[in-house]
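Structure first, then comments.
Chains as they are written, first to last, in the working numbering: chain A, 3 to 829; chain B, 5 to 170.
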């Protein structure tokens, strides 16, 4: 190992022993030997020894000393690959992967064929997704160690990751030829399936099919074999053969919806009738299969005949399923996006209630009226099930008072059934009374205190009505002893709890606390990305290659997950709010109190506030820099006083735009951010993206008009582009016309009406504020979403639509109370 | 849950243990079924009697319960049924029978009990008929037994467990 300062034999031997001690984790001994070398005045500054000493100190958690020693060692011996390697190891242990990669590369400059360094480098490269680099390193490793199977596999996977399929397949084939698989060789089976996956991704379908057949005896995972075969045959258009394979898959598992979809494609079942015929056949063949029965309900039924068939199918399905109780509703919940289907459901459910009241039992197959047993023909639980499903139905369509009636009837019938109290809580929740909802959920929880699901639900409901401390005590019934629930659940990465806490804090305007939770959620996602590190070596060794690939792809998109997106949206909203209304300083005088100060005092106060804000910003930046290595304790007070909240908001926007681009919220927030930064083109981009997803979104309307009614000081070219694109977004009309048409088209939707009014009163000034309230009177509130009602009363309170008389407000509030009888927001 | 389950009209019935986790379900049941209120001490004791207190499930919902205790008054060792009942919609499904048969089997296993007894409000025809079917007899009438309900009198129904004794 070339070094600019080679050691004499005695010291060299000591150095070798240091290396051994490090490998065997005998740190004290290693340090002892290092001291011996360094005590020799000729080698007191020996680079490599210092580096090794630093490495061992790092393992003993003496980070600062470690870095000191390593840096000294490196300075004294810049050409030593050992020093660079050690520095890289230190960086890696602090998760500074980019830096570590640089160090490794430097180390390789001085020792091109050092296997250890190459291996370490390859791990970092795949972790950081430097895929081209990974490919090169893997290639090197293969050339150096062609006898190790990991070299081949690793290289093939690296090629796969950069989509060089042909080369990857060649490598895999070469490797396969050298293998002599035993019988039931699971690793070989996995290898073959991976090879097949690569072929399929490359589009070499014939080859993949042959490959499957040739190796059928060695492929042990029959399910994946069949699924792959079906996939290939379908992509080749060989429908008949594919159909056979899919049918055998369905025989294995009748409940897999994906298989049913594949079957429909293979059978070229396009029209609803042909699909229904297919499902009927399946139901005949598999009497107890649920999936074909359910899937039949989700088809499109456009003609009157078909709709009758839907009614009959649904009727049979509901009658058969009533005695399952609450789960029945869950299985038809997704039908509620179709208004006419909802009407059919309602009609059927009400008819069941009538039957029950007349003493007949809807769950019994329609037997001829056994009037001799008229009292017993009704099963004991049937009244219960019918009331439950009606309660769930009414709650789903927004008629909470009706829902409450039914759940109360059910509770009267069977007061010991815990699920009824859960249902009651849900009805209150949906009806807009989170306090009562939490109360009833507590009741449910107290009836079965061993049930963790009830406990978690109760915790969530307590958070929803802002009883954070109570929620923590509730959760602590199941968390670790001696540790607070908040801390333990954070440690356990309990994302739903963190998310709900953040929301609760946000509602209470405790922005610092809310931001702390959002950042904690972000940290968990970073940890999840971190966690994949060990799998790079593990999976390659164990040959679980398909799962490994799946994991890599999952990790790539992980920040698209709902929990992260929710946290990011929350954080962005908070930062935008903090920008608009910064938090007052600690010695805190609010704006009105500042009037009482003299000019000098005011100046002093303001400069103190500015200093605090700057300090907060610096701390925030510092935190981010050291984030990788030392996750610091987050301080809510500091978090909510950042000087540049828009920068922070922009940082949260980045992953949203990368991974959640299909969500409307991302672009709505982007617009708001760019508005505050005065970037018209970016605002336009955001508006266009929303338009592509949901052209009738109410907030989009407000954004477009806002953008159109403001003049920006921009270059002529930019102004032209803006004008053109806005013109297109408004469908070729001018602003006033656009607004009028929007109102016409969406007259019946309260959220749209509110946005239209906001636009015409505030931006366009085409509607005088006094008439705003009149327009709202005329609106039909029944059946509208509750949040729109709350939004409306809020806006009237704040005077967004101009001044509203108390009488007008009271009348509207009364109407709201009629429309949403359970909601507490209108009291 | 007891391994024993029985089939009845419309579903399966089974007996289960009373635990500190589900005791509130027992309280709710007793509140609805019985006109008499039971205090906290009652429920504290119920948790100590083991197999002498059971919940009755119909299709996994608690619909009935039985609570007994060993009674050593009057110089005899008897088993006293404190409560045995079932929600109204679930009567006549042999749930009461299941519970009483369970109590009887405990008595048999114990071997040292003289009798099994309970109080029934004098107007409760259905209960009287039920217990008579199992061999209970009215041995006494306690006047003004109940403090807050009408009629206030109760019969004492007893089943002798040592038939061979003279």
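From the three backbone atoms N, C-alpha and C, an ideal C-beta is built for every residue, glycine too.
Please determine, among A:405, A:443, A:436 and A:437, the residue with the shortest C-alpha to C-alpha distance to residue 421 of chain A. A:443
Does any CB atom of chain B fall closer than 8 angstroms to the CB of residue 448 of chain A? yes
Euclidean distance between Cα positions of residue 800 of chain A and residue 762 of chain A: 17 angstroms
Between residue 119 of chain A and residue 83 of chain A, is the Cβ-Cβ spacing less than 8 angstroms? yes
Residues that residue 97 of chain B contacts on chain A, provided the C-beta gap is smaller than 9 angstroms: 382
Compare the C-beta of residue 14 of chain B with all C-beta atoms of chain A and state if any pair is closer than 8 angstroms. yes
Counting pairs of beta carbons, one from the region 241-258 of chain A and one from the region 199-209 of chain A, are three or more of them closer than 8 angstroms? no
Taking one C-beta from the region 318-327 of chain A and one from the region 347-366 of chain A each time, how about it: are there three or more such pairs within less than 8 angstroms? yes
Would you tell me roughly how many angstroms separate the C-alpha atoms of residue 477 of chain A and residue 483 of chain A, rounded to the nearest one? 11 angstroms
Residue 213 of chain A versus residue 394 of chain A: straight-line alpha-carbon distance, rounded: 52 angstroms
Distance between beta carbons of residue 666 of chain A and residue 699 of chain A, contact taken as under 8 angstroms: 6 angstroms
Say whether chain A places a C-beta atom closer than 8 angstroms to the C-beta of residue 91 of chain B. yes
Rounded Cβ spacing between residue 736 of chain A and residue 766 of chain A (contact assumed at less than 8 angstroms): That pair is no contact at about 10 angstroms.
Distance cutoff 8 angstroms, beta carbons only. Does residue 461 of chain A sit that close to anything in chain B? no
Span separating the alpha-carbon of residue 793 of chain A from that of residue 409 of chain A: 29 angstroms
Any beta carbon from chain B within less than 8 angstroms of residue 418 of chain A's own beta carbon? yes
Determine the chain A residues that contact residue 25 of chain B at a beta-carbon separation under 7 angstroms, and present them in chain order. 450, 451 and 452
Is DSSP giving residue 170 of chain B helix, strand or coil here? The predicted model places residue 170 of chain B with a pLDDT of 48, which falls under 50 and marks its position as unreliable; any figure quoted below should be read in that light. Residue 170 of chain B falls in the coil class under three-state DSSP.
Does the Cβ-Cβ distance between residue 344 of chain A and residue 399 of chain A come in under 8 angstroms? yes
Kindly indicate the opening and closing residues of the alpha helix (DSSP H) around residue 162 of chain B. Per DSSP, residue 162 of chain B belongs to no alpha helix (DSSP H); it is in the beta strand (DSSP E), 158-164.
Exposed or buried, which one is residue 728 of chain A when buried takes at least 16 other CB atoms within 10 Å? buried
Check the C-beta distance from residue 63 of chain A over to residue 92 of chain A and give it rounded, since I have them as a contact under 8 angstroms. Actually they are not in contact, since the Cβ atoms of residue 63 of chain A and residue 92 of chain A sit about 12 angstroms apart, beyond 8 angstroms.
Could you check the C-alpha separation between residue 356 of chain A and residue 90 of chain B for me, to the nearest Å? 27 angstroms
Per-residue DSSP class, three states only, for residue 608 of chain A: helix
Within 10 angstroms of its Cβ, does residue 270 of chain A collect 16 or more other Cβ (buried), or is it exposed? exposed
Please report the straight-line C-alpha distance between residue 31 of chain B and residue 354 of chain A, rounded to a whole angstrom. 32 angstroms
Can you tell me where the alpha helix (DSSP H) with residue 88 of chain B in it begins and where it stops? Element bounds for residue 88 of chain B: not the alpha helix (DSSP H) but the beta strand (DSSP E), 82-90.
Any idea which residues DSSP pairs residue 692 of chain A with across the strands? For residue 692 of chain A, which the question treats as bridged, DSSP gives no partner whatsoever.
So what does residue 145 of chain B bridge to, in DSSP terms? B:159
Please report the residue range of the alpha helix (DSSP H) in which residue 721 of chain A lies. 718-731
If the cut-off is 7 angstroms on Cβ atoms, which residues from the region 391-423 of chain A count as contacting chain B, listed in chain order? 415, 416, 417, 418 and 419
If the criterion is Cβ atoms closer than 8 angstroms, does the pair residue 566 of chain A and residue 527 of chain A meet it? yes
Taking one C-beta from the region 188-198 of chain A and one from the region 563-579 of chain A each time, how about it: are there three or more such pairs within less than 8 angstroms? no
Contacting residues, own chain, Cβ-Cβ under 6 angstroms from residue 217 of chain A (five flanking each side not counted): 194
What residue range is occupied by the uninterrupted beta strand (DSSP E) comprising residue 121 of chain B? 119-125
Using DSSP bridges, identify the partner residues of residue 58 of chain B. B:21 and B:70
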